[in-house]
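In my numbering, the protein residues as written are 25 to 416. Even glycine gets a Cβ: it sits at the ideal position worked out from N, Cα and C. Structure first, then comments.
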């Protein structure tokens, strides 16, 4: 590793911006033809690992792209990844493949309980957590996370007050999007005890588990907490966030409990499609060969996070930012500025962030900034943020 200016120079290119104009990029096409820099939706502006690109080239060269089922190589790689990286002894029977975490969240809401039953989660949170219950005829119960000395925690007292006899599922985001928490074992143990008291299925979205920014912190999988946790947990994983592969549409649920697995499978039948051949190829290559790239990515993201910290603190002190332990998503508090819609205001000043209110009512007055991009792009975005706030 070498340093070049303020950026990190490595054997992988995390420095030079890659144009995504004209590629159908959701992130960039949103502002097509406008001078708005998109730092919103959670995909990164980095090329994926060379080993992944090579695996996809080999798959293209095969030349036949038919319907594809999970095959031995990808199942073995995923099970080995879960064991070596996260200490989970999963086998292929516990895996259920899906084309994304959002479909999986909808399947979970559909699988457990009946129309009119309830699903609980804590806000602010990834918006599909809020839409999936309603999509499937379930009541949505939200409880705000509690800020305790700049640390976001579960508010178990409020959760106990909000849960109802018709609540069937609790959806957890860990590491958390957008607040960036990596929940500790003691917190998760208490959450499992809460689910046990109320006989709730715990759906644990762990898609950001390999993007821990604090070296001393460790992701604690819900399935690893206890035998009781494993019996009531549907854990959701994907290589997409870590290795920048969301367009390959490949994710999987890990469900050791046969009863839960059968219910999930029944609910998915008829409207969840197969994962495509490129999704499997990319997933296997990422977990098998992508570790050097991931380690350098984490160094880049830590540097970018530190830049966001220092820039906001020194040059935009009216905007507050809380510690980010994981992800490449900064959760910015514009409350002192009295914004009703920070993202809408910033968009008018050339910066596209995610609107905080879309993460739940407790996100009103906040906005989410994606710093998974080359340093030069992030610097430009922060300068636009500074100018927008100064324009007030």
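Boundaries of the alpha helix (DSSP H) in which residue i is found, first to last residue
| i | result |
| --- | --- |
| residue 145 | Counting along the chain, residue 145 falls outside any alpha helix (DSSP H), though it belongs to the beta strand (DSSP E) covering 142–147. |
| residue 369 | 366–372 |
| residue 251 | 251–255 |
| residue 309 | 301–313 |
| residue 290 | 282–292 |
| residue 58 | Careful: residue 58 lies outside any alpha helix (DSSP H) and carries neither H nor E. |
| residue 50 | 50–53 |
| residue 266 | 264–267 |
Top-ranked residue by Cα proximity to residue i, from the options
| i | options | result |
| --- | --- | --- |
| residue 209 | 231, 184, 91, 253 | 253 |
| residue 304 | 378, 53, 80, 104 | 80 |
| residue 274 | 67, 335, 379, 261 | 261 |
| residue 250 | 280, 194, 90, 145 | 280 |
| residue 415 | 370, 173, 118, 393 | 370 |
| residue 314 | 272, 267, 345 | 267 |
| residue 272 | 61, 54, 77, 56 | 77 |
| residue 269 | 125, 145, 165 | 125 |
| residue 403 | 49, 61, 47, 51 | 61 |
| residue 115 | 123, 109, 104 | 104 |
| residue 325 | 282, 47, 237, 317 | 237 |
| residue 20 | 39, 256, 181, 169 | Residue coverage of the chain in this structure runs from 25 to 416, which leaves residue 20 outside it and unanswerable. |
| residue 182 | 173, 176, 166 | 166 |
| residue 388 | 172, 101, 360, 409 | 360 |
| residue 329 | 399, 358, 295 | 399 |
| residue 38 | 327, 362, 239, 410 | 327 |
C-beta atoms of residue i and residue j nearer than 7 Å
| i | j | result |
| --- | --- | --- |
| residue 244 | residue 259 | no |
| residue 276 | residue 390 | no |
| residue 382 | residue 157 | no |
| residue 332 | residue 343 | no |
| residue 131 | residue 292 | yes |
| residue 413 | residue 340 | yes |
| residue 63 | residue 284 | no |
| residue 147 | residue 232 | no |
| residue 149 | residue 349 | no |
| residue 375 | residue 396 | no |
| residue 195 | residue 136 | no |
| residue 119 | residue 248 | no |
| residue 298 | residue 95 | no |
| residue 345 | residue 356 | yes |
| residue 317 | residue 73 | yes |
| residue 377 | residue 367 | yes |
| residue 127 | residue 161 | no |
Anticipated Cβ contact below 8 Å, residue i with residue j, distance rounded
| i | j | result |
| --- | --- | --- |
| residue 228 | residue 198 | 6 Å |
| residue 212 | residue 219 | Contact doesn't hold; Cβ gap of about 10 Å is too wide. |
| residue 365 | residue 379 | 6 Å |
| residue 178 | residue 224 | In fact, because the Cβ distance is near 14 Å, the residues do not count as touching under 8 Å. |
| residue 83 | residue 307 | Not really, about 12 Å apart at Cβ, beyond 8 Å. |
| residue 320 | residue 70 | Their Cβ separation, rounded to whole angstroms, is 10 Å, which puts residue 320 and residue 70 out of contact at 8 Å. |
| residue 163 | residue 142 | 4 Å |
| residue 265 | residue 235 | 6 Å |
| residue 263 | residue 311 | 6 Å |
| residue 52 | residue 44 | 5 Å |
Limits of the beta strand (DSSP E) - the one that residue i falls within
| i | result |
| --- | --- |
| residue 357 | 353–357 |
| residue 415 | First-last for residue 415: undefined, no H or E at that position. |
| residue 276 | 275–278 |
| residue 393 | 390–394 |
*Counting only runs that start and end within the region 64–130, where is the beta strand (DSSP E) found for 3 or more residues in a row?*
119–122
*Within the region 186–230, note down every full alpha helix (DSSP H) run reaching 4 residues or more, in order along the chain.*
209–221
*Pick out the complete beta strand (DSSP E) segments inside the region 152–188, 3 residues or longer, and give them in chain order.*
163–168, 170–172, 175–177
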